[in-house]
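Data first, discussion second: the structure below is written as structure tokens.
Okay, structure coming up:
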């Protein structure tokens, strides 16, 4: 059992599929856990009375210990004691399909506990639990006259029919996680940098509609089934090619019906649910630049990068040493010195902004400003949050931008290259004005030259908690400020408006 909570202690009881809807029937009991103290347990193992030899459906029900004898007497007492826990009048139970794996035990089917070997035909069940994150060395669990302390010393010899459970305390160390970085794509596929799926599943790609509560309809691509574990560089083919730069989101999904097929869309979200942690979906957004745009920019680079070579000839008359011979001859030589001066023009405007953690300033990894200017930073709604000092025409690395706005939690920020159109080395751009100095550098499609990054700030941001299977929306998610067309910042507002960040994590 992945997890079980027993508020007053009790047992985990396993029944076969013959019980149908009667999950608390006297018949059909095929296994019972040892007595469990009050608390929450994870990865509880129950030994079955008879081995299961084929795939089947089993029902798990949690029972109380109503007579406080730490023995399961429900069947023997015909239901008068140790009844099931109930919620809203229904027994607390869970049903799951159990697939029988190939047998890997030794011929004698003997399992050891720290050098103590049980008799033949005896199966030792290891049960991993977490109880309030603490264990007591003196704690002793009794099951059918077999007592095992945490020192794993077997005090009594078990019979062939009896079992000797060993109880250890561990913590779950692997959480679901996904990393989806800004990237350039051919428009047909995207790459998920890494994804961790503790129980296996899928990673699906969503477009901007996911921020408008359309989780099902926003799926634009899904990976093949991924086995439990961590996977890197997972390629996801998109259902329809994208033709322009946009924000996409990678979200981790379970395979709840164990058929290795992604049925979330087909069942309208009923199966293959999202991984959660701390009530937040395991997801991350990134800006995907379509390769065609990058190619066009590269071509522009070829035409705009000019290397000028100027050759100057300077005539210099140098008097050489006069050599006197018997005829006394004076020789003058005129030397021509050739000087080559190379002037290299800085390439087209460009900026690289990587994901990072920050406090009151962010770092731009690189920026190219062919005519000088600034790198300004905006939030996902297109609002100004900070700008660099004036930068002369050149290529720069690790440009620091102090933020004028206080930000908290995980934020999508955009770094935009701006000109210094009035040559006063002061940033005077006004997005509300019809005409404003210091407009953005534009690319060949008249869009601003920018890059986006996820920045983690101290504190928490309101409105990004993800409940159930509905991703967050924001009142400003699609109505960024209207920018005048000469600046080209309208494109940024649209892109940023769709880039609502969602938390990464997984609720077990």
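Numbering (this note's numbering), first residue to last: 69 to 576.
Note that beta-carbon positions come from the ideal geometry of N, C-alpha and C, so glycine has one too.
In angstroms, rounded to a whole number, what distance separates the CA positions of residue 461 and residue 416? When only Cα atoms are considered, residue 461 and residue 416 end up about 11 Å apart.
Does the beta-carbon of residue 485 have 16 or more other beta-carbons within 10 angstroms, so that it is buried, or is it exposed? buried
Smallest Cα separation from residue 57: which of 265, 464, 359, 472? With the chain covering only 69 through 576, there is no way to say anything about residue 57.
DSSP three-state label for residue 322, please. Residue 322: coil per DSSP, three-state reduction.
Under the three-state DSSP convention, the category residue 252 falls into: strand
Roughly how many whole angstroms lie between the Cα atoms of residue 109 and residue 119? 24 Å
Could you check what DSSP says for residue 493 in three-state terms: helix, strand or coil? coil
Mind checking whether residue 112 and residue 163 have CB atoms under 8 Å apart? no
Classification of residue 309 by the beta-carbon crowding that lies within 10 angstroms, buried from 16 upward: exposed
Under 8 Å between the Cβ atoms of residue 283 and residue 419? Residue 419 sits away from residue 283, with the two beta carbons spaced by 8 Å or more.
Alpha carbon of residue 316 to alpha carbon of residue 423, nearest angstrom: 15 Å
Residue 630 versus residue 344 - alpha carbon distance: Outside the displayed range of the chain (69 to 576) lies residue 630, so it cannot be described from this structure.
Between which two residues does the beta strand (DSSP E) containing residue 262 stretch? For residue 262, the uninterrupted beta strand (DSSP E) run begins and ends at 257-265, by DSSP.
Tell me whether the beta-carbon of residue 287 lies closer than 8 Å to the beta-carbon of residue 272. yes
Quickly, what does DSSP pair residue 519 with across the bridge? List them, please. 483
Helix, strand or coil: which one does DSSP assign to residue 104? strand
Say whether the segment 487-504 touches the segment 469-479, bearing in mind that this needs 3 or more beta-carbon pairs closer than 8 Å, one atom from each stretch. no
Quick one: measure Cβ to Cβ for residue 265 and residue 249, integer angstroms, because I've assumed they're closer than 8 Å. Going by Cβ atoms, the distance from residue 265 to residue 249 rounds to 18 Å, so no, they are not a contact pair.
With a threshold of 16 other CB atoms inside 10 Å of the CB of residue 447, please say whether the residue is buried or exposed. buried
Tell me the DSSP secondary structure of residue 280 in three-state form. helix
When the Cα atoms are used, what is the spatial distance from residue 114 to residue 525? 45 Å
Using a Cβ-Cβ distance cut-off of 8 Å, determine whether residue 299 contacts chain C. Any reference to chain C falls outside this structure, which holds one protein chain only.
If I follow the unbroken beta strand (DSSP E) through residue 162, where does it start and stop? In this chain, the beta strand (DSSP E) harbouring residue 162 covers 161-166.
Can you give me the Cβ contacts of residue 426 inside the same chain, cut-off strictly under 7 Å, excluding the 5 residues immediately before and after it? 523, 525
What are the residues that DSSP puts in a beta bridge with residue 418? 436
Which of helix, strand or coil DSSP assigns to residue 504: Coil, per DSSP.
Under 8 Å by Cβ, that's how I've got residue 318 and residue 351 pegged, so tell me the actual separation to the nearest angstrom. 7 Å
Counting only the same chain and skipping the five closest in sequence on each side, list residues whose C-beta sits under 7 Å from that of residue 167. 123
Using a Cβ-Cβ cutoff of less than 7 Å, which residues in the same chain neighbour residue 99 once the five nearest sequence positions on both sides are dropped? 82, 114, 115, 116, 117
Assigned secondary structure, residue 85 (DSSP; H/G/I helix, E/B strand, else coil): It is helical.
I'd like the list of long-range same chain contacts for residue 254, defined as Cβ closer than 6 Å, with 5 residues on each side in sequence excluded. 359
Pull up the DSSP beta-bridge partners for residue 353, would you. 317
Distance, Cα to Cα, residue 495 vs residue 314? 28 Å
Identify whether residue 359 lies in helix, strand or coil by the three-state DSSP scheme. Helix at residue 359.
Using a Cβ-Cβ cutoff of less than 8 Å, which residues in the same chain neighbour residue 393 once the five nearest sequence positions on both sides are dropped? With a pLDDT of 41 at residue 393, under the threshold of 50, the modelled position of this residue cannot be trusted, and the question is left open.
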